[in-house]
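What follows is one structure encoded as structure tokens, with my remarks underneath.
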Amino acid sequence: MRPPRTVPMSQRRSLVWFHCLFAFSGAAGLGLQLAWTRMLAFGLGHEAPATFGVVTAFLFGLAAGAWLLDRWGKASPNAATRCAWLEGITALWAVATLWVIPALVEAGRHWVGPAPAAAVHWGISLALPALALLPATLAMGATLPAVESLLSGLRADGRRVGPLYAANTFGAVAGVVSSVWILQPAFGLRGTTLVFAAVNGLCGIGFLLAGRGRIAAVPRALGTPGPAPSAAGGTRGWATLFATGLIGIGFEILSVRLLGQALENTVYTYASILAVYLLGTAAGAALRNRLAPDPVAAIPVLLLALGGAVAVAGFVLVRVPEWHPWLRAALGEGAAAVATAELLTSAAVVAPATFLMGLLFSSLVQAARSPSGQLGRAVAWNTLGGALGPAVVGLGLVPWIGSRWTLVALAAGYLLLLPRVRGFQWMLLAAVVVGLAFEPAGLHLQRLPSGARTVAMKEGPGDTVSVIETADHQRALRVNNRFTMGGTASANAERRHGHIPLLLHPDPRRALFLGYGTGISFASMGTHPGVASDGVELVPEIVGMRGEFAPHNAPGAGQRIHVADARRFVRASTTEYDVVIADLFHPARDGAGGLYTREQFQAIRARLSGDGLFCQWLPLFQLDLATLRTITRTFLEVFPDGDAFLLRFNADTPVLGLVGGRHRLQFDAGWYGRRTADPALREALKPLVLSDPWQFFGTWFADAAWLRELSADAPVNTDDRPVVLFQAPRTLTGHPVPGYALLEQLLDRARPAPDGLFTAATRAGDRPWLDRLVAFQKARDGYLRGLIADASGRRSEAEGAFLGSVRTSADFTSGYSQLLARATQQARTDPAAARRLLELLEAARPERPVARELRGRLGL
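With this note's numbering applied, the sequence shown covers 2 to 861.
See the structure below:
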């Protein structure tokens, strides 16, 4: 037997060159996919049909391209030109999508409407992305068979699929990292699309230049294995390719869902998981020729090993809530440390399985390839299965049987594909089956506070929703284990979310509430006479949990609940609203940044009636100053006369509301009396500490001029440049910051008196009334400083701030109450200090007998 003939140096250089080009092509393809997915999500919404529809349509296009252009996989002197054409088509259509996607999305909004039937929603969510991306996805899908055909004359052993697929997938990893961490934050979605389109164009030029000379085939030496004669072809072979594609993407969908419950669940979390998934697949494909030189013989072993790796992933997943915090602490602070912790955690779960997936895919495709081609058909069957993975797993298995049994089904799917079991493979099969029988039940990764229990839990297509009950019998709504969406302990605060904006309108008749949550805020709007209201909630499982919070969220007359994406609902609706309220959206959560864009605020403004107003509540305890400045600047772009209001006088979880409308807000001294003339409404406001005009107008915090100064030079958050999407996760990357930190920064900035909030007649004729309000707000600020000092351990400073609040305003009583409670506590351990505190209260407010009476009862 003669040794294999050495490949000439020129041919080696060509091999390296073409693999590099294909790697850059992979980077561009994945980068474009991420940019397109974000564009389409902003337009079509984040509901399950839209989210999964985009992925499915993209993969369908890839499968069709590989199938239809399989004939290009044959060796041809024009193969390099064909590769260049494919890259050029992708580049040109990528540029075209900058106009095609917005046009189709705008048409789709009208076709879908605010509350579409399921079939209509699914049909349009599949058809629009498929139509928008089809030329590019067809070309992308054809690229692997075309490049493999190009290299048919450059590799003597015929084993080209593994290295090629590895190069392309390693490039895809670079595409993920560069797109999410660098290009999208720096250049926006359109700029990122243009960058990757240019990369595709350059790849096309590279193929064209390299293919100018004839590529001579390298003769295959005697004893060198050639391509298998379609060993994995036929019905069983195509079925295996299809099923492994479905299971592989299904495992990715499930892994992203479950890891998102333990990791930060930001835009960077998804990118980290995807990068690890692709990296493992690329590594497996790269080593296929070395680890599985005989692809047909390796397939049964790899199927067994994959079943075991998927099973083991479940055992690793349940430890993630313990490992990830440890990694975060060990790696320190900063974005790089958080990304590294998420990458390592994700790798522990998915890397073994994805490595084997790369080995299996390249083995199956190499085995399916015959001398006459069929590579494209093999890739097409696998990609077609992957296209159905999101629907089968995300929409079918997880909601139906839960995460645990979905993981078992995926692992079992690999075992069912075994063509035969021989010898030691029976032992491996038995071990995997035993592992699946003992798969952990807690794959939903719910971690409860001490003494709490889970009352109800539902796993939906995109989110796991649970209701927990604490030791003091208070209930809270949680989404994906990380985000608390309100509960009964904060019921009064949640009711203020609905009441304050409605009271700012002179005569509301129709209102819209975005972000249903527990339903407590939405239900409060039903106490306003004559107001019909619509509530919108993205997650169907949240609406399904509303009975767990009864009677706190009992709906009033004329209230309707819609399960829909807030952005899509606002754009598709034709109803005019007097008041629109956007509830708290965690800005760091992946996708939430789109609710703070200029386009969203413009769409809301278009839905307002002539004297309508909009309130955007902001969680100061989940924001940093930079993100607040960006949101504020964006809000003022659309509502230039906006004002800011505090939800309540709280420092632990402070909330600020930006309020604006078609006209500047203006009030008079009799406003509150007129708006609360209804006895039932006035009664409902009493427990909410909104029972007089001082408490109501005392929530005003700042005017438009102050907000403009605060947000000067901040970037505007837009659909194309979603600054908040990439900026807000920074609040999760450093040392935990107290919830009051941002509020303290705002209090430190000088702010104007509320005179501009009132009419000229009120300023001229009701000066004493207005002076009382000014004193109330100064006392409120002093009280908030006292709460911050107390939370920081500065007790003496806190007492001074509370006492100053008492002296400033007789109408503001929270500081007085705080010092009474403190004196009662001190009476047990330091009677002298308690007596001194009560005497100071008596001197500050001699007209109030409470401090004197308490001193008598305590014997001080």
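Glycine is no exception: its CB is placed at the ideal position from the N, C-alpha and C atoms.
- A492 and R590 have their C-alpha atoms spaced approximately 23 Å apart.
- Remark: C-beta atoms of L839 and R858 do not approach each other more closely than 8 Å.
- Per DSSP, the unbroken alpha helix (DSSP H) holding S404 starts and ends at 399 to 417.
- Counting only residues of its own chain and dropping the five nearest sequence neighbours on each side, P117 has no CB closer than 6 Å to any other CB.
- Taking 8 Å as the cut-off, the Cβ atoms of V277 and A168 do not count as close.
- Under DSSP, C21 takes part in no beta bridge, so it has no partner.
- Considered as a whole, the stretch 600 to 626 harbours no complete run of any alpha helix (DSSP H) with no fewer than 4 residues.
- The residues G527, in chain order, have a CB closer than 7 Å to that of A558 in the same chain once the five nearest residues on each side in sequence are set aside.
- Setting aside the 5 residues that flank it on each side, A379 is surrounded in the same chain by L242, V366, A369, each with a C-beta closer than 6 Å to its C-beta; the list follows chain order.
- The alpha carbon of A410 has as its nearest neighbour, out of V725, G309, I274, the alpha carbon of G309.
- In this structure, the straight-line span from the alpha carbon of W18 to that of R547 is close to 59 Å.
- About 11 Å separates the beta carbons of A833 and A824, which is beyond the 8 Å limit, so they are not a contact pair.
- Around Q34, the same chain offers F59 as residues with beta carbons nearer than 7 Å, after the five sequence neighbours per side are excluded.
- According to DSSP, E460 shares a beta bridge with T465.
- Around R561, the same chain offers D535 as residues with beta carbons nearer than 6 Å, after the five sequence neighbours per side are excluded.
- Each residue's CA atom was taken as its position, placing P322 and Q262 some 9 Å apart.
- Shown here, S574 sits in coil according to DSSP, grouped into three states, outside any helix or strand.
- Around E440, the same chain offers A312, G315, R405, L408, V409 as residues with beta carbons nearer than 7 Å, after the five sequence neighbours per side are excluded.
- Note on geometry: alpha-carbon atoms of V181 and S26 lie some 17 Å from one another.
- When R796, A244, E745 are compared, the shortest CA-CA separation from V394 is found for A244.
- When Cβ pairs closer than 8 Å are counted between the two stretches, the stretch 639 to 652 is seen not to touch the stretch 469 to 489, the count staying below three.
- Linking L446 to P755 through their CA atoms gives a straight-line distance of about 48 Å.
- The DSSP-derived three-state label of G794 is coil.
- One Cα belongs to Y741, the other to L657, and the distance between them is close to 12 Å.
- By alpha-carbon distance to L708, the top candidate from R83, E638, L513, D579 is E638.
- The way I'd put it, the stretch 183 to 202 does touch the stretch 716 to 724; three or more beta-carbon pairs between them come closer than 8 Å.
- Spatial neighbours of L127 in its own chain (CB-CB distance under 7 Å, excluding positions within 5 residues in sequence) are listed in chain order as G54, T57, A58.
- L279 is the residue among L279, A97, L747 whose C-alpha sits nearest the C-alpha of V178.
- Contact between C204 and L22 is confirmed by a C-beta separation of about 5 Å, below the 8 Å threshold.
- Residue state for M40 is assigned as helix, using DSSP reduced to three classes.
- DSSP places S363 in the uninterrupted alpha helix (DSSP H) bounded by 336 to 369.
- Nearest to N201 by C-alpha distance, out of A120, W94, A108, I248, is W94.
- For T485, the enclosing beta strand (DSSP E) begins and ends at 484 to 488.
- For V656, the enclosing beta strand (DSSP E) stretches over residues 656 to 662.
- Inter-segment contact for the stretch 512 to 528 and the stretch 495 to 504 is present: three or more beta-carbon pairs are separated by less than 8 Å.
- Contact between the stretch 685 to 694 and the stretch 611 to 622 is absent: fewer than 3 CB-CB pairs across the two stretches fall below 8 Å.
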